[in-house]
Each structure stands twice: as C-alpha cells, then as structure tokens.
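Student: Here it is, the structure in full.
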Amino acid sequence: LQTKIRVCFITCSSDKRNCFSGVFVFEDNHMTSLRHALKGFPYWMRLRGGWTRTLLHTMPGPVTSWSDEETAVRDSAFAFAKDVIGPRVKEMDHVAKLDPDVLRKLFEVGFMGIETPADLGGSELSFVSACIVVEQLARVDPAVSVIVDIHNTLINTAVRKWGTSDQKRDWLPRLATDALASFCLSEASSGSDAFALKTTATTSGSDFLLNGSKMWISNAAEASLFLIFANTMPDKGYRGITAFMVDRESPGLQVGKKEDKLGIRASSCCEVLLDNVRVPKDNLLGEIGTGYKIAIESLNEGRIGIGAQMVGLAQGALDSTIPYLFERKQFGQPVGEFQGMRFQLAQARCELEAARLLVYNAARLNDAKLPFVKEAAFAKLFSSQVAEKIASRCVEWAGGVGYTKEFPMEKFYRDVKIGSIYEGTSNIHLQTIAKFLEEEYR
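Written as structure tokens, this is what we have:
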C-alpha cells in the first residue's frame, strides 16, 4: 500500500507579522515504518526562525492496493492452496475429513498465527493479511479456509485481546505452532440468540465446573483447545456469561456427534459435551461476566474473515468455470464468446469486486483501530449473497458437467450456502445495518 504522510505547516517570523505555509509529503510502502519514523515528530517545531504548527494527515491508497508484504502473503497463500490443498480437495470432501498433513503444513507455514507476535511463535502480520490468506485458501477449498479463519480471527484474537500476559505466553505459542482450537458458543437452544445459552460454570473451590453441551462447533474433531462460553450467574442473563480455555484432555469433556454436512465437509462440525469439566481459575479468559463482550468483539472480526472466505469462494468458482466456457463450443463458437454469456460474466465480476472492496474496507478499518461493526455487517451480508449467486451461475454456465463431481463447480455451490448462516445469519446482519441506519437518521 503506497502511503503518503502530508505535513502541513504554517510558520511565522518572531514578530508574527510575516507568515507563510507549505506542505511536506513523505512517501513509503510500509505504514509501520512511517509510524515509527513519525512517532517522535513534534506537534510544534522550529522552522526558519519561527514556530511551526504541524498537522499530520494519512492519505491511504486504494483499499485493494497491496503492499509488498501483502502481495507476498497473497501469492504464497495461493501457491500453498494449489500445491498442498488442491490435490486433496476431492478426497477430503468425499470422506468429510481434514487431511492431517494439511493441518500440519498450515502450522508450518505460519498460517495459524498470522497476527500473533513473532516472539510468541506467530507471523506478526496484520488482520488484512489474515483475510488475504483466508481468501486465497478459499479459492481452492473453502473448508480449509474456514478452519484457518476461525482459528485466527476468533480464537487467537480473543487470547491476544483478553488474555493475561501468562495466558498469552502459555496459549499463543501452542495456537501458532501445533494446537488447533474451537470457538464454543452455539447450543441447541441458542443459535442467533447466542446469549440464551444454558451451559453453566459453578465454582468449586478455586476452580469452575462446566456443565452443558455445545452444538455445531467447527474444528471440534481435531481441536486441542476449546474456548468455551458458560454462564457463571444464570440469574443475571448474558451478564453472567464467562469465557474459559479448556484443554481437550480435561476429564468430562467429550467431542460428540459429527454433523454430516452439505458443504465445507473437510471442516469438522461436532457437538461438545461437558460433564463436570473442572477448569482452573487461571484458564478463565477475561473477567467473570465479560464472556458476552469477548464473543461479540471476536465475532465482529470473524465476520470479516467469513466475507473474505466468500470472496475467495466466488473467485475460485469463476477460476474453474471461465476457462471451460472458452473451450466448450456450441453453434460453431466458444460459449464464452456469446454476448449473453459475456454480459453475465461481466456482471458477476463487477459484483465480486464490490464484495471484495467491502471486505477489505472493513479489514483495513479494523487494522486502523477505527469503528467497523457496520462495515463488517455490510461485508459479510453482501459477500455471501454475491458468492451464492456466482456459485449457482457457474454450475449453470458449465451445463451438464457443472452438475457432476468431476468438476469443482458443484462443490463451490454446496460450500457457499453456509455463508448466509454461520457467524451471523443474513437476517441478523440486516438487523445490525438497520439499527445503524435508524441511529443515523433519528
């Protein structure tokens, strides 16, 4: 991202009778280095014998203009997807199981600790970089993509933001190098109404005992750690919800039935059963009663990641379909050369770019520590709608072969439906957007 820092100054002579103004422009490809360079830049400075007041303005480049670092992340993630994941996609989908070798290599290349500090075993990259990885993996297999997304944007984010120094030292290195984790919020009676959960956490000496069950928990079959939300004070409703990090080997924790899903089949989705699971006080993440806040803030970021997954899925569907359209001939010419087809492809590409812009605008707002909840809802809602439309059209455009498992179009079509369901249904995001709209105009 080409970034310009513009320093506007007004300077006056010592008697303040003569003044002039000007602009200095500094350019750099790395915002981080600019931040360090300007960290000690004085608000007031001496210039030509007078006092100068400086105003700093950051003028970012286009949302999807990538820095050298981001370009390298994008290229390496797509190469990994093609070379490592690609040959295994059909088999993993068929048996509905993640290849352990894929998971091991995801850790090896640093994709499981993207924002984690380097001194804790991570890659120390940005949230935008995490979204780039999620998008590029989804171009080849959205199932592997969501495994990476949940681990980074939900689990790692929660530990980085809410963990104590000791917890970060204990958990983040494991999460970055070999321990997959699950985000355990949903229950049979609490889907969109997530904070109606019934799992409880009662005190037992200096520990907590967790009882209840979780449903539709992604990564559960392979996870070593579980971030579990339970209510320590049910009489206080959502204000009693608390977050706990629980090891898979904890007595009383059992991974139950694995769902036989329509799509993203290599991503496990299981129930998690809790029967008097003893959790040390040190494994409490955040304070008692802050679990709802941890869940909301983590999911707000996670939704941008799902938006990136949907963009990558739609791109992958087009990648696999368009070349075929220019190979397949009907009525003496390639199908892709008919005007009716060309216009549909152009429309799809336009809508995909709009979805990508929404996703990375929200991601860059997050990296900039600016409000992004509304923009995250825009991104997740629209990207899932666009991806579903494109994946469906790709099956149609390919004709009979698009409906067979020999070509990847039908898998993208099966995988895409989850986009309007998990990490906030489309109606939930519409409700969020409507709330912001009402606040804006009332």
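First residue of the sequence shown? That's -16 in our numbering, and the numbers climb one at a time after it.
Built from N, CA and C at the ideal position, the CB exists for glycine as well.
Quick check: Ala60 and Val116, are their CB atoms within less than 7 Å of each other?
Tutor: Yes; because the gap between Cβ atoms is below 7 Å, this pair is in contact.
Student: Whole angstroms are fine: how far does the CA of Gly315 sit from the CA of Phe449?
Tutor: In the structure as shown, the chain begins at -16 and stops at 425. Residue 449 is therefore absent and cannot be evaluated.
Student: Alpha carbon to alpha carbon, how far is His77 from Ile411? Give it in angstroms, no decimals.
Tutor: Approximately 32 Å, taken between the alpha carbons.
Student: Find out if the Cβ-Cβ distance for the pair Ala213, Thr185 is shorter than 7 Å.
Tutor: Not in contact: Ala213 and Thr185 (Cβ atoms no closer than 7 Å).
Student: Who pairs with Arg397 in a beta bridge, going by DSSP?
Tutor: DSSP, once it has assigned bridges, lists no residue as partnering Arg397.
Student: Report the residue from Glu320, Phe178, Ala362 whose alpha carbon sits nearest the alpha carbon of Pro306.
Tutor: For the residues Glu320, Phe178, Ala362, the minimum Cα distance to Pro306 belongs to Glu320.
Student: Can you tell which of Phe90, Val92, Arg71, Glu91 has its C-alpha closest to the C-alpha of Asp82?
Tutor: Checked all of Phe90, Val92, Arg71, Glu91; the closest Cα to Asp82 is Arg71.
Student: Would you say Ser112 and Ile97 are within 7 Å of each other, going by their C-beta atoms?
Tutor: The answer is yes: Cβ separation under 7 Å.
Student: Give me, in chain order, the residues of the same chain whose beta-carbon lies closer than 7 Å to that of Asp190; leave out the 5 immediate sequence neighbours on both sides.
Tutor: If we look at Asp190 and ignore the five residues flanking it on each side, its Cβ neighbours are Arg261, Val262, Pro263, Lys264.
Student: Could you say if the segment 358 to 375 and the segment 296 to 312 meet the contact criterion of at least three C-beta pairs nearer than 8 Å?
Tutor: Yes: at least three Cβ pairs fall under 8 Å.
Student: Rounded to the nearest angstrom, what separates Trp380 and Leu340 at their Cα positions?
Tutor: About 25 Å.
Student: Could you pull out every residue in the same chain whose Cβ sits closer than 6 Å to the Cβ of Ala345, ignoring the five residues on either side in sequence?
Tutor: So the qualifying residues of the chain are Ile287, Phe355, Glu358, Ala359, Ala362.
Student: Pop quiz: Gly223 and Ile401 are said to be a contact at Cβ under 8 Å. What is the actual Cβ separation, rounded to whole angstroms?
Tutor: Not quite, the Cβ-Cβ distance comes to about 30 Å (not below 8 Å), so this is no contact.
Student: Once you ignore the five residues that flank Met198 on each side, which residues in its own chain have a CB closer than 6 Å to its CB?
Tutor: Cβ within range, chain order: Ser169, Glu170, Ala171, Glu254.
Student: For Ala55, does the count of other Cβ atoms within 10 angstroms reach 16, so buried, or fall short, so exposed?
Tutor: Looking at its Cβ environment, which holds fewer than 16 other Cβ atoms inside 10 Å, Ala55 is exposed.
Student: The alpha helix (DSSP H) that contains Ala345, what's its start and end?
Tutor: Per DSSP, Ala345 belongs to the alpha helix (DSSP H) from 322 to 350.
Student: By how many angstroms is the C-alpha of Pro391 removed from the C-alpha of Asn266?
Tutor: Using only the alpha carbons, I get a separation of about 43 Å.
Student: Please go through the segment 106 to 143 and give each complete alpha helix (DSSP H) segment of 4 or more residues, from N-terminal end onward.
Tutor: Segments of the alpha helix (DSSP H) lying fully in the segment 106 to 143: 110 to 121, 125 to 132.
Student: By the three-class DSSP mapping on this structure, what secondary structure does Val72 have?
Tutor: Helix.
Student: Could you compute how far the alpha carbon of Ser207 sits from the alpha carbon of Ala351?
Tutor: Between Ser207 and Ala351, the C-alpha separation is close to 32 Å.
Student: Apart from the five residues on each side of it in sequence, which residues of its chain come closer than 7 Å, Cβ to Cβ, to Ile271?
Tutor: Taken in chain order, the residues that qualify are Thr215, Thr225.
Student: Can you give me the C-alpha to C-alpha distance between Pro100 and Glu118, rounded to a whole angstrom?
Tutor: Their Cα atoms are separated by approximately 22 Å.
Student: With distances taken Cα to Cα, identify the nearest neighbour of Gly407 among Ala329, Leu282, Glu334, Thr387.
Tutor: The shortest C-alpha separation from Gly407 is found at Leu282.
Student: On a Cα-Cα basis, can you pick out the residue from Val378, Trp145, Gln292 that is closest to Glu493?
Tutor: A query on residue 493 cannot be resolved here, the shown segment of the chain reaching from -16 to 425 and no further.
Student: Which runs of the alpha helix (DSSP H), 4 residues or longer, sit entirely within the segment 274 to 326?
Tutor: Fully enclosed alpha helix (DSSP H) runs of 4 or longer: 274 to 308.
Student: If I follow the unbroken alpha helix (DSSP H) through Trp380, where does it start and stop?
Tutor: Unbroken alpha helix (DSSP H) run through Trp380: 356 to 381.
Student: Which residues in the same chain as Arg157 place their Cβ atom closer than 6 Å to its Cβ, once the five residues preceding and following it in sequence are excluded?
Tutor: No residues qualify anywhere along the chain.
Student: May I ask you to list the residues that DSSP assigns as paired with Lys241?
Tutor: Partner(s): Cys253.
Student: Report the rounded CA-to-CA distance for Leu30 versus Gly44, giving the unit in angstroms.
Tutor: Confidence at Leu30 is low in this model, with a pLDDT of 35, below 50, so its placement is unreliable and no value can be given for it.
Student: Thinking C-alpha only, which one of Arg397, Cys114, Asn259 is nearest Trp49?
Tutor: Closest option to Trp49, Cα to Cα, is Cys114.
Student: Spatial neighbours of Cys252 within its chain, please: CB distance less than 8 Å, with the 5 preceding and 5 following residues excluded, ordered by chain position.
Tutor: Excluding residues within five positions, the ones whose Cβ falls inside 8 Å are Trp199, Ile200, Ser201, Ala203, Lys241, Glu242, Lys244.
Student: Return helix, strand or coil for Asn266, following the three-state DSSP convention.
Tutor: Of the three classes helix, strand and coil, the one that applies to Asn266 here is helix, per DSSP.
Student: How should Lys219 be labelled, buried or exposed, when 16 other C-beta atoms within 10 angstroms of its C-beta is the threshold for buried?
Tutor: Lys219 comes out exposed.
Student: Would you kindly check if the distance between the Cβ of Glu205 and the Cβ of Leu163 is under 7 Å?
Tutor: Cβ atoms of Leu163 and Glu205: closer than 7 Å.
Student: Just checking my contact of Val294 with Ala338 at CB under 8 Å: how many whole Å lie between their CB atoms?
Tutor: That belief holds up - the Cβ atoms of Val294 and Ala338 are roughly 5 Å apart, short of 8 Å.
Student: Here's the rule I'm using: 16 or more other beta-carbon atoms within 10 Å means buried, otherwise exposed. How should Leu353 be labelled?
Tutor: Exposed.
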